[in-house]
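Using full-length UniProt numbering, read the sequence shown as starting at 1 and increasing by one per residue. Quick reminder that beta carbons are idealized off the backbone N, C-alpha and C, glycines included. Some notes on the structure that comes next.
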Amino acid sequence: MRLTQLRSFHAVASAGGFTKAAEQLHVSQPTITTQVRSLEDSYRVELFHRYGRSVRPTELGERLLQISRQIFSLEAEARQLLADEGELRSGHLRIAAVGPYHVTKMLALYNRRYPGITVSVSTGNSQDVLERLLDYRADVGVLAQFSRDRRFVAIPYSEHPIVLLVPAGHRFAKRRSLRTAELAGEPLIMREQGSTTRKAFEAALKAAKVEPKIVMEIGSREIIREAVVQGIGLAAVSEVEFVPGPGLHAVKLGDTEARTYAHVVCLGERRDMRMVRSFLEVIAEA
1 MRLTQLRSFH AVASAGGFTK AAEQLHVSQP TITTQVRSLE DSYRVELFHR YGRSVRPTEL
61 GERLLQISRQ IFSLEAEARQ LLADEGELRS GHLRIAAVGP YHVTKMLALY NRRYPGITVS
121 VSTGNSQDVL ERLLDYRADV GVLAQFSRDR RFVAIPYSEH PIVLLVPAGH RFAKRRSLRT
181 AELAGEPLIM REQGSTTRKA FEAALKAAKV EPKIVMEIGS REIIREAVVQ GIGLAAVSEV
241 EFVPGPGLHA VKLGDTEART YAHVVCLGER RDMRMVRSFL EVIAEA
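Shown next, in the form of structure tokens:
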């Protein structure tokens, strides 16, 4: 197998077609087609399902794509190291995060230190973030919770108390804080199962011996916010996620230490990669 064949395969699989891959590599489409076909013929395998002008990797193709991502990620790192003579003057840092709230401050800090680095951010749940790190689609992850895993390095970044979203007309709206036990019988809007905020809030309710009256489960923070404004129920959010607005108040839970956290995570094997290390250093100094 020649590297040019693998590069052509990687470009087609990433771009979703031979034409786009040819444009990315600045070669003709027949060249790309020939390289991929030679790779398939050499090993008597099928790497793509072809649907007219579009293609999709086969199961084997998906597995090969995971490997090629690692190879070309390392190649890009090597090129960057030589081109910049050890200084971070350019490059691309890919961050996967569970939401915008924790990562925004990190981005500002990093941009001030390394203005020449392009940063892209993708969002998803915790599992999405970890999968992106594992298959080299992201360099750094930002998670609200992290379970110990030897494959990863996790650095605690910040912690935030949980507050209760209350509509303007509610009897709690004019209060600064309340006891968790006062939520007995109150209609509650919950985040989806697995949410860090939900876990912390449910633990606080259990400690106060309150059986939650759940009226809705919603995965979107924005929809939860609107549902509270409409008077459907109350909702717990991390304080850092609360954005003041008409018809909405945040009330503290005065008798609980329920909190959410932010962790910066990377693959252990990539901790000393120059781009990753630069981000971890900025966060450690914050």
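Original post:
So, using beta-carbon positions, are E186 and L248 closer together than 8 Å?
Top reply: no
**OP:** Look at the alpha carbon of A13 and the alpha carbon of N111, and state the distance between them as a whole number of angstroms.
**Re:** 31 Å
Original post:
Can you tell me whether A108 is buried or exposed, with buried defined as 16 or more other CB within 10 angstroms of its CB?
Top reply: exposed
Original post:
Tell me the DSSP bridge mates of L188?
Top reply: I214 and L234
Original post:
Is it right to say L82 is buried, meaning 16 or more other beta carbons lie within 10 angstroms of its own, or is it exposed?
Top reply: exposed
Original post:
Using the C-alpha atoms, what's the distance from A22 back to G61?
Top reply: 18 Å
Subject >> Residue nearest to V163 in terms of C-alpha spacing, selected from H49, A11 and A250 >> reply: A250
Original post:
In angstroms, rounded to a whole number, what distance separates the CA positions of E222 and V228?
Top reply: 10 Å
Original post:
Could you check where the beta strand (DSSP E) with T118 kicks off and where it finishes?
Top reply: T118 to T123
Subject >> Spatial neighbours of D255 in its chain, beta-carbon cut-off 7 Å, leaving aside the 5 residues before and after >> reply: R179 and T180
Original post:
Do the segment 111 to 122 and the segment 64 to 71 make contact, defined as three or more Cβ pairs closer than 8 Å?
Top reply: no
Original post:
Roughly how many angstroms lie between the CA atoms of M1 and T58, to the nearest whole one?
Top reply: 19 Å
Original post:
Does the count of Cβ pairs from the segment 149 to 169 and the segment 262 to 273 closer than 8 Å reach three?
Top reply: yes
**OP:** Pick out the complete alpha helix (DSSP H) segments inside the segment 35 to 101, 4 residues or longer, and give them in chain order.
**Re:** 59 to 84
Original post:
Would G17 pass as a contact of V45 if the rule is Cβ separation under 8 Å?
Top reply: no
Subject >> H170 in three-state terms, based on DSSP >> reply: coil
Original post:
Going by Cα to Cα distance, which pick from T123, Y51, V282 and D139 is closest to S73?
Top reply: D139
**OP:** Taking G268 as the reference, give the member of G219, F152 and S147 with the closest Cα.
**Re:** F152
Subject >> When L253, E226 and L88 are compared against P161, the one with the closest alpha-carbon >> reply: L253
Original post:
Is Q29 closer than 8 Å to T19 when the C-beta atoms are compared?
Top reply: yes
**OP:** Alpha carbon to alpha carbon, how far is T104 from H170? Give it in angstroms, no decimals.
**Re:** 32 Å
Subject >> Cα-Cα separation, V166 to V142 >> reply: 28 Å
Original post:
Could you give the residue range of the beta strand (DSSP E) that holds H263?
Top reply: R259 to L267
Subject >> Alpha-carbon to alpha-carbon, E285 and F201 >> reply: 31 Å
Original post:
Among the residues of its own chain, which have a CB less than 7 Å from the CB of I214, if the five just before and after it don't count?
Top reply: L188 and M190
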